[in-house]
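Going by full-length UniProt numbering, the letters in the sequence shown line up with residues 1 to 192, in that order. Note that the Cβ used here is the ideal one computed from N, Cα and C, for glycine as well. Just below is one structure, and these are the notes that go with it.
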Amino acid sequence: MNTNTENDMPGDLPEYREFVIRSVGIVRNSVEKPFLVADKNGLEMQGGNDENVSQIRSRRDEISEIIVDEKYEELLEGVEDYSHLVVLFWGHEVTNEGRNLKKIHPMGRKDYPEKGIFCTCSPARPNPVLVTVVKLHARKGNILEVSGFDAIDKSPVIDIKPFVQDSLPKDGVKTAWWMEELHKEIDEKRKS
């Protein structure tokens, strides 16, 4: 029961301060290390910008497996009716230092201004719940074969939902200029 009033802050509700999330599965792929690493100094790319853009591009086509715990296999019934899925997963290699960052340069790029964590898609966040839309290629029992997954190997999967385009807003959507630039750069390098 939510007893929150206008003057209550979430921190005033101790029963909501901590809770348990159980993984429903695990990621299996060839990505051993994240390309973005957070520590007390901020967010940094591992390797050069071109190398990381290439890695992002290649992940769009690489097949990853989501191995769903067998006790949840029945929950996958009907998943094949969708071309894409929304996958929530835990950034299990984000350090406590990374979880305590308040601001970062987007994608660790010093040529972009620092922004608050909640304005970015950075894995460094108080609760490293990460989300990606993936393309579903096949279901084999409790295993989903997907592409476009930016998780690293052994990432715990928290939830899987169908991607429903009509549920997204179509009009009046605004994106930060630097986010548009980053995505444009990735798309341009993908085409070359």
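Whole beta strand (DSSP E) elements within the UniProt domain "TsaA-like" (21 to 172), 3-residue minimum: Positions of the beta strand (DSSP E) runs, each at least 3 residues long and wholly inside the UniProt domain "TsaA-like" (21 to 172), are given as 25 to 28, 36 to 39, 42 to 45, 63 to 68, 84 to 90, 129 to 140, 143 to 147, 156 to 162 in order along the chain.
Length of the line joining the Cα atoms of valine 68 and phenylalanine 163: Translated into positions along the sequence shown, residue 68 becomes position 68. Translated into positions along the sequence shown, residue 163 becomes position 163. The C-alpha of phenylalanine 163 is placed about 18 Å away from the C-alpha of valine 68.
Buried versus exposed, by CB contacts within 10 Å (16 or more), aspartate 150: Position 150 of the sequence shown, counted from the first residue, corresponds to residue 150. Classification of aspartate 150: buried, given that the 10 Å Cβ count is 16 or more.
Integer-rounded CB distance, given that valine 134 should sit under 8 Å from serine 155: One-based indexing of the sequence shown puts residue 155 at position 155. One-based indexing of the sequence shown puts residue 134 at position 134. Not really, about 12 Å apart at Cβ, beyond 8 Å.
Beta-carbon proximity list for threonine 132, same chain, < 8 Å, skipping 5 on both sides: As a working note, residue 132 is residue 132 in the sequence shown. When the five nearest sequence neighbours on each side are left out, the beta carbons in the same chain lying within less than 8 Å of the beta carbon of threonine 132 are those of Val86, Val87, Phe89, Gly148, Phe149, Asp150, Ala151, in order along the chain.
Glutamate 18 (DSSP reduced to helix, strand or coil): Within the sequence shown, residue 18 is the residue found at index 18, counting from 1. Of the three classes helix, strand and coil, the one that applies to glutamate 18 here is coil, per DSSP.
Own chain residues within Cβ distance below 8 Å of isoleucine 117, not counting five before or after: Within the sequence shown, the letter at position 117 stands for residue 117. Excluding residues within five positions, the ones whose Cβ falls inside 8 Å are Leu101, Lys102, Lys103, Ile104, Ala124, Arg125, Pro126.
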